[in-house]
Amino acid sequence: MKTSRSQKMLSAVVLCSAVLLAPTIAATQDTPDAGQKVIEARQGYMKLVSWEAGPLFGMAKGEVAYDAATATANAADLKALSQYAFPGLFLAGTSKTDRAGKTRAMSDIWEDMAKFEMAFGDLGAAINLVAAEAGKGQTELAAAVGELGKACGGCHKPFRAKDF
Amino acid sequence: MRRFLFASGLLCAAGVIVFWLLTMPRTISANDLPTGDGDAAKGRYVFYETGCASCHAAPGTKGAEKLKLAGGLALKTPFGTFVAPNISPDPTHGIGGWTTSQFVNAVMRGVAPDGSHYYPAFPYMSYQRMKLADVIDLKAFIDTLPAVAGDAPPHDLPLPFRLRRGLGLWKALFMDYGPFTPVPGGDEVLNRGAYLVTGPGHCGECHTPRNLLGGPEAEWAYSCGPAPEGKGNIPNITPHDDGIGGWPIEDITIALKTGLLPEFETFGGAMIAVQENMAELTDDDREAIATYLKSLPPKPSRWKK
Numbered sequence: 001m002k003t004s005r006s007q008k009m010l011s012a013v014v015l016c017s018a019v020l021l022a023p024t025i026a027a028t029q030d031t032p033d034a035g036q037k038v039i040e041a042r043q044g045y046m047k048l049v050s051w052e053a054g055p056l057f058g059m060a061k062g063e064v065a066y067d068a069a070t071a072t073a074n075a076a077d078l079k080a081l082s083q084y085a086f087p088g089l090f091l092a093g094t095s096k097t098d099r100a101g102k103t104r105a106m107s108d109i110w111e112d113m114a115k116f117e118m119a120f121g122d123l124g125a126a127i128n129l130v131a132a133e134a135g136k137g138q139t140e141l142a143a144a145v146g147e148l149g150k151a152c153g154g155c156h157k158p159f160r161a162k163d164f
Numbered sequence: 165m166r167r168f169l170f171a172s173g174l175l176c177a178a179g180v181i182v183f184w185l186l187t188m189p190r191t192i193s194a195n196d197l198p199t200g201d202g203d204a205a206k207g208r209y210v211f212y213e214t215g216c217a218s219c220h221a222a223p224g225t226k227g228a229e230k231l232k233l234a235g236g237l238a239l240k241t242p243f244g245t246f247v248a249p250n251i252s253p254d255p256t257h258g259i260g261g262w263t264t265s266q267f268v269n270a271v272m273r274g275v276a277p278d279g280s281h282y283y284p285a286f287p288y289m290s291y292q293r294m295k296l297a298d299v300i301d302l303k304a305f306i307d308t309l310p311a312v313a314g315d316a317p318p319h320d321l322p323l324p325f326r327l328r329r330g331l332g333l334w335k336a337l338f339m340d341y342g343p344f345t346p347v348p349g350g351d352e353v354l355n356r357g358a359y360l361v362t363g364p365g366h367c368g369e370c371h372t373p374r375n376l377l378g379g380p381e382a383e384w385a386y387s388c389g390p391a392p393e394g395k396g397n398i399p400n401i402t403p404h405d406d407g408i409g410g411w412p413i414e415d416i417t418i419a420l421k422t423g424l425l426p427e428f429e430t431f432g433g434a435m436i437a438v439q440e441n442m443a444e445l446t447d448d449d450r451e452a453i454a455t456y457l458k459s460l461p462p463k464p465s466r467w468k469k
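Protein chains in written order, with the numbering used here: chain A, 1 to 164; chain B, 165 to 469.
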């Protein structure tokens, strides 16, 4: 049976609408928005920090044998990470209050962004100290890592919630 | 009317006598003390077990300066502000010239040489469990420290709490006057830890919350305390999820030695000074403390962050 002109028109309209609407419909499913992406990005950043800092803390605590080369390399990586503008990853609307269950970033960060940025600056200073001391020996590393731990706490204690 | 006045006068007099008797200082007799001088070298170790410098060194001092026990640190509590006194061996401003018996009774009974009571901000409620020989050694060590002239400021307390005699009632309620009792069935390590924590370490003085009378709340033992300055809380050190439940004994031992906690955290606030004392102990003693803490009944934190 030959389709009429109006049936062809209708099919075209339906097909075009589907093609145009599909991305919109897909977007309302589980694809992450910018907020979710930036949360994952900053958690990734912290995972890198943790990856590099972990062995340094282990050496400082005596859980892992001190090795000057590893300590120096990890400290250099931390220094590279400290150059990244981490506070820029804290977009509006991505606090724990806004995105419960996705992030531990407390809204206090946005209430006092200056304090948050200063705390990140303190982290940079502590990382510089670790980089300077890492290769000198276990005792020197341990002292510097002690300061690094305090700097970690300088953000985590006021700005990171205990749970998601 | 006259009989009424006479009866009430008698009642008042009886009340005063009862109060006076109840609040009499209970001391250790000099005859009960072991003879001989204390060992200052051993006393140095006890000094770090008990943490004298954390309160009695001048505020803000570090390193070797912390051996100058000039006092001055202010401790804010719901009962007012207590200021730690000078306990350097200065004969005028400190404890220079005190007999062994006077020192022992100060530390273990909270009684001053003049017979008055000390405020329990001085943790004699814990120190009462210490070994006599250790306290005598401690005195020998303190006697070797530099004498510092100058008095610390007096306590700043509201009027009702200025009556020191009344502390006799506090002691009647909260002191057991007993020596350390070993944990039933506990091995040497656990009992050493129990002694250190409940005696010289006096951990519960901060980590156990207090009731309205300032006595410890046993059912919340070691589970937290209200922060002295009002911000945050003193953490839970029972093996509950709210506390140290997830931490193996090794992690606690390392934390006491280095100040580095699991998950890249560090001790903060008043605990920094405590950790500096803990760092002076042996690995075995730190492990004993950790073992005892992990053996405590797990309790949830009454106050969550």
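Where a beta carbon is used, it is the ideal one built from N, C-alpha and C, also for glycine.
Do residue j and residue i have their beta-carbon atoms positioned less than 7 Å apart in this structure?
i: Phe-90 of chain A; j: Ile-109 of chain A; result: yes
i: Arg-104 of chain A; j: Arg-160 of chain A; result: yes
i: Tyr-386 of chain B; j: Ile-401 of chain B; result: yes
i: Gly-357 of chain B; j: Phe-344 of chain B; result: no
i: Gly-215 of chain B; j: Asn-441 of chain B; result: yes
i: Thr-102 of chain A; j: Ile-39 of chain A; result: Correcting the residue identity first, residue 102 of chain A is Lys in this sequence and not Thr. Contact: yes.
i: Ala-311 of chain B; j: Asp-351 of chain B; result: no
i: Asp-122 of chain A; j: Gly-153 of chain A; result: no
i: Thr-422 of chain B; j: Lys-61 of chain A; result: yes
i: Lys-463 of chain B; j: His-404 of chain B; result: yes
i: Thr-187 of chain B; j: Gly-332 of chain B; result: yes
i: Phe-305 of chain B; j: Phe-211 of chain B; result: yes
i: Arg-328 of chain B; j: His-281 of chain B; result: yes
i: Cys-370 of chain B; j: Ile-398 of chain B; result: yes
i: Leu-81 of chain A; j: Leu-56 of chain A; result: no
i: Gly-124 of chain A; j: Ala-68 of chain A; result: no
i: His-220 of chain B; j: Ile-251 of chain B; result: yes
i: Phe-243 of chain B; j: Phe-168 of chain B; result: no
i: Arg-450 of chain B; j: Leu-420 of chain B; result: yes
Go through its chain and collect everything with a Cβ distance to residue i's Cβ below 6 Å, but skip five positions before and after it.
i: Gly-236 of chain B; result: Ala-222, Pro-223, Ala-316
i: Pro-249 of chain B; result: Gly-235, Ala-316
i: Gln-138 of chain A; result: Tyr-66
i: Leu-231 of chain B; result: Leu-309
i: Ser-183 of chain A; result: Absent from the structure is residue 183 of chain A, since the part of chain A shown begins at 1 and ends at 164.
i: Thr-245 of chain B; result: Ala-238, Asp-320
i: Gly-202 of chain B; result: Ile-300, Asp-301, Lys-303, Ala-304
Does residue i have its Cβ less than 7 Å from a Cβ in chain B?
i: Gly-88 of chain A; result: no
i: Cys-152 of chain A; result: yes
i: Lys-61 of chain A; result: yes
i: Gly-146 of chain A; result: yes
i: Gly-124 of chain A; result: no
i: Gly-149 of chain A; result: yes
In angstroms with no decimal places, state the Cα-to-Cα distance between residue i and residue j.
i: Glu-52 of chain A; j: Asn-74 of chain A; result: 5 Å
i: Pro-412 of chain B; j: Leu-233 of chain B; result: 36 Å
i: Arg-5 of chain A; j: Val-13 of chain A; result: 12 Å
i: Gly-432 of chain B; j: Pro-158 of chain A; result: 12 Å
i: Asp-33 of chain A; j: Asp-98 of chain A; result: 13 Å
i: Ala-217 of chain B; j: Ser-465 of chain B; result: 29 Å
i: Ala-161 of chain B; j: Ala-313 of chain B; result: The displayed coordinates of chain B run from 165 to 469. Any statement about residue 161 of chain B would go beyond what the structure contains.
i: Thr-70 of chain A; j: Leu-20 of chain A; result: 54 Å
i: Val-182 of chain B; j: Leu-424 of chain B; result: 52 Å
i: Gly-349 of chain B; j: Ser-172 of chain B; result: 55 Å
i: Tyr-359 of chain B; j: Asp-340 of chain B; result: 15 Å
i: Gly-378 of chain B; j: Ser-265 of chain B; result: 27 Å
Can a CB atom of chain A be found closer than 7 Å to the CB of residue i?
i: Thr-422 of chain B; result: yes
i: Phe-428 of chain B; result: yes
i: Ile-418 of chain B; result: yes
If I measure Cβ to Cβ from residue i and keep anything under 7 Å in the same chain, skipping five residues before and after, which residues do I get?
i: Thr-372 of chain B; result: Pro-380, Glu-381, Trp-384, Ala-385, Tyr-386, Gly-389
i: Phe-286 of chain B; result: Gly-274
Using a Cβ-Cβ cutoff of less than 8 Å, which residues in the same chain neighbour residue i once the five nearest sequence positions on both sides are dropped?
i: Leu-354 of chain B; result: Val-347, Ala-452, Thr-455, Tyr-456, Ser-459
i: Thr-3 of chain A; result: Ser-11
i: Val-361 of chain B; result: Cys-367, Gly-368, Ile-453, Tyr-456, Leu-457
i: Pro-198 of chain B; result: Leu-296, Ala-297, Ile-300
i: Ala-92 of chain A; result: Trp-110
i: Leu-141 of chain A; result: Leu-56, Met-59, Ala-60, Tyr-66, Ala-71, Val-130, Glu-133, Ala-134
Between residue i and the ligand HEM, is there a pair consisting of the residue's CB and a ligand heavy atom that are separated by less than 6 Å?
i: Ala-311 of chain B; result: Absence of the ligand HEM from the depicted structure is noted, as is the absence of any ligand whatsoever, leaving it without description.
Legend entry - Any 3 or more C-beta pairs closer than 8 Å across the region 132 to 150 of chain A and the region 424 to 437 of chain B: These segments touch.
Legend entry - Segment contact, 8 Å Cβ cut-off, at least three pairs: the region 194 to 211 of chain B with the region 300 to 308 of chain B: In this structure the region 194 to 211 of chain B touches the region 300 to 308 of chain B; the number of beta carbon pairs closer than 8 Å is three or more.
Legend entry - Three or more C-beta pairs below 8 Å linking the region 187 to 196 of chain B and the region 256 to 274 of chain B: Contact holds: three or more Cβ-Cβ distances are below 8 Å.
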